[in-house]
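To start, the structure under review is shown below, and the notes come after it.
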Amino acid sequence: MKRAAGVLLPVFSLPSPYGIGCLDSEAYRFLDFLSAAGQSYWQILPLHPTSYGDSPYQSYSTFAGNPLLISLDDFIANGWLTRGECNEAHLQTSPDTVDYGHQYQHRYPLLRRAFENAKAHPDPDLSSFLDITPWLSDYALFMALKNAHGGASWQNWSPELRHRQPAAIQKAREDLREEIDFQIFLQYHFHRQWLALKAYANENHIKIIGDIPIYVAYDSADVWVHPELFCLDENKQPHAVAGCPPDGFSPDGQVWGNPLYDWPTHAATGYSWWLRRLDHACTLYDVVRIDHFRGFDAYFSIPYGHTSAKSGHWEAGPGMDFFDTVTRTLGQREIIAEDLGFMTSSVRRLVKDSGFPGMRVLQFGFDARDTGGTGEHLPHNYPNHCVAYTGTHDNQTLASWLQTITDEERDWVRGYLKDNFTPSHLLPRCLISLLFQSPANLCIVPMQDWLGLDDRARINTPSTQAGNWRWRMSAGSASPALAQEMNLVTRMYGRAPQPEGE
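The opening position of the sequence shown corresponds to residue 2 in our numbering, with each subsequent residue numbered one higher.
Below, the structure is given as structure tokens:
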């Protein structure tokens with residue numbers, strides 16, 4: 002990996018007149034902006050359908066795309082919707098935030114109308130799409146059943162459907178044929194639009210970094226279709242769930258609630274489900290960031306039903322046996338290991354043995370408890386083989402972080418920068434330049450930090466349920482002037498793409 006730079010911005014955070022960023026002209030315009038800014042990567046968050054809490058890390062499927070991100074303009078161009086119909090739906094409640102409840106209530110009627118109107122002109126490529134998406138049939142049935150049950154979790158369906166008895170499944174496929182076709186329609190057009198956008202990015206020498214959560218949601222097609230791959234009892238209730246132990250930031254730890262993998266069963270199948278999952282992710286993205294990478298070394302198990310992680314314990318994960326299988330079967334893929342948090346020597350060994358670059362986060366470098374200059378998150382200690390961030394989607398923006406750290410930490414930041422004169426509101430720019438000076442091959446900066454925004458633009462606050470995954474960038478923020486400034490800094494530190502032949 003050569004020295005390069007990129008921007009972190011979720012698709013849902015793009016500007017749009019329809020209430021949520023999507024795969025429309027604004028996405029293409031943002032790629033043009035990144036190209037003009039000398040950036041080589043666009044990092045996004047998971048693209049999957051969101052469920053409880055609107056989090057892209059809690060999805061109904063690890064294979065499906067989020068229908069809310071489908072471009073309505075594309076459907077207008079196809080003649081399946083009119084501009085007036087889209088405007089009359091009043092999808093835009095705020096230009097700055099996503100209102101997911103409003104989107105579900107008002108966007109889906111438009112999507113259904115487009116589906117009905119598209120029936121007059123069947124797409125000949127749909128059958129070939131079904132051939133390359135073996136997961137889609139079960140996912141479409143899952144969503145059709147969920148809608149038929151008023152959104153209830155599959156655990157609350159009838160025993161025949163919960164346990165996927167063949168006669169009940171066949172009857173459901175017959176009774177819900179129209180709804181199943183609607184779900185297939187949505188997935189076909191999501192993937193068609195996304196792959197067209199990705200192709201445009203690649204044509205402009207920009208790679209997409211996508212996130213793959215290590216865990217899947219309990220209320221998902223993944224668990225319903227493959228319960229044998231998870232630690233469930235005879236009633237298909239989890240024995241234990243995922244989370245992380247108490248630490249300095251969370252005295253009770255975190256209970257994520259995701260079912261844990263039955264790793265021996267996965268190993269016995271040659272990790273076939275995981276291989277399909279990773280292969281699919283590598284189709285959607287150029288680079289895959291595996292969230293919570295440490296869970297492959299050891300994962301934290303919390304008894305089901307407990308609201309605190311204090312009663313949890315560590316269990317061994319699959320380790321290098323899994324990644325050796327991945328390389329042997331899928332070949333060399335571009336993967337980033339999210340190795341943040343409590344790292345043991347065995348986790349560090351796994352990251353090293355995998356060969357994947359780990360992560361460094363600038364904000365983590367200036368902890369008042371570690372002033373010896375030896376911290377791995379201080380830029381002068383970065384290895385070449387890593388991806389360095391000012392902050393991730395789980396962090397404060399730089400502007401708010403600088404306001405909320407202690408006076409001692411703020412003095413340390415200025416001392417590290419050798420800068421006691423720059424006004425505070427300009428310090429985020431100085432820290433971005435500091436990051437770009439580091440040895441890290443790749444630097445990623447959240448768009449909010451380039452814009453100098455405070456925590457009103459924060460994407461997620463871990464361990465909180467409300468107000469996350471909502472921020473949207475204002476139209477015009479990705480301006481030519483900002484692109485020029487970003488390009489200058491990127492070129493200054495040798496991170497801009499080199500012209501062909503150089």
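Quick reminder that beta carbons are idealized off the backbone N, C-alpha and C, glycines included.
Since this is a predicted model, take the numbers as computed values, not measurements.
Query: P96 burial status per 10 Å Cβ neighbour count (16 or more: buried); Result: exposed
Query: Heavy atom of the ligand MN within 7 Å of T405 beta-carbon; Result: Because no ligand of any kind appears in the structure shown, any question about the ligand MN cannot be addressed here.
Query: Extent of the continuous beta strand (DSSP E) run through K208; Result: 208-213
Query: Selected residue, minimal CA-CA separation from D298, among D280, L432, A317; Result: A317
Query: Reference L428, options W413, M360, Y272, F183, closest by Cα; Result: W413
Query: Sequence ranges, alpha helix (DSSP H) only - wholly within the stretch 255-328, length at least 4; Result: 264-269, 273-285
Query: Among L46, P260, H378, N203, nearest to K237 - alpha-carbon criterion; Result: P260
Query: Inter-residue spacing [alpha-carbon to alpha-carbon] between S309 and G495; Result: 47 Å
Query: Counterpart residues of C245 in DSSP-defined beta bridges; Result: Q255
Query: Assigned exposure category for R459 - 16 Cβ within 10 Å defines buried; Result: buried
Query: Span of the alpha helix (DSSP H) around Y105; Result: 101-119
Query: Bridge partner(s) assigned by DSSP for Y61; Result: For Y61, which the question treats as bridged, DSSP gives no partner whatsoever.
Query: Host beta strand (DSSP E) of I185 (start-end); Result: Unbroken run through I185 is the alpha helix (DSSP H), 178-204; no beta strand (DSSP E).
Query: Whole-number beta carbon distance between A241 and P304, since they are thought to touch under 8 Å; Result: 6 Å
Query: Buried versus exposed, by CB contacts within 10 Å (16 or more), R290; Result: buried
Query: 7 Å Cβ shell around E339 - same chain, five flanking residues per side excluded; Result: R290, I291, D292, H293, F294, M360
Query: For G39 and R492, believed in contact at Cβ under 8 Å, the rounded distance; Result: 6 Å
Query: Touch test, the stretch 11-23 against the stretch 85-103, Cβ-Cβ under 8 Å, three pairs minimum; Result: yes
Query: Span of the alpha helix (DSSP H) around V388; Result: That residue, V388, is in no alpha helix (DSSP H); its beta strand (DSSP E) goes 387-390.
Query: Distance, I215 Cα to H267 Cα; Result: 14 Å
Query: Residue range of the unbroken alpha helix (DSSP H) whose run includes Y42; Result: Taken as a continuous stretch (DSSP letters only), Y42 belongs to no alpha helix (DSSP H), being part of the beta strand (DSSP E) at 42-44.
Query: Own chain residues within Cβ distance below 7 Å of Y383, not counting five before or after; Result: R361, A389, S439, P440, A441
Query: Length of the line joining the Cα atoms of G502 and H206; Result: Summary for G502: the model assigns pLDDT 49, below 50, so the residue's position carries little reliability, and this model does not support an answer.
Query: F130 in three-state terms, based on DSSP; Result: helix
Query: C-alpha gap between G244 and G258, whole angstroms; Result: 7 Å
Query: Length of the line joining the Cα atoms of L1 and P68; Result: Not covered by the structure: residue 1. The range shown for the chain is 2 to 503.
Query: C431 versus L418: straight-line alpha-carbon distance, rounded; Result: 8 Å
Query: Simplified DSSP state of A6, which is helix, strand or coil; Result: strand
Query: Reference N118, options F143, F437, A78, closest by Cα; Result: A78
Query: Contact under 8 Å by Cβ, K208 with D280; Result: no
Query: Best match in G356, H381, S302, S312 for proximity to T328 [C-alpha to C-alpha]; Result: G356
Query: Nearest-angstrom Cα separation, counted from I21 out to C87; Result: 13 Å
Query: Check whether L142 and Y189 have beta carbons under 8 Å apart; Result: no
Query: Which residues DSSP lists as bridging C444, in chain order; Result: A6, A389
Query: Residue burial classification, A520 (beta-carbon count within 10 angstroms, cutoff 16); Result: Examination of residue 520 is not possible in this model, given that the chain is present from 2 through 503 alone.
Query: Opposing strand residues paired with P239 [DSSP bridges]; Result: L233
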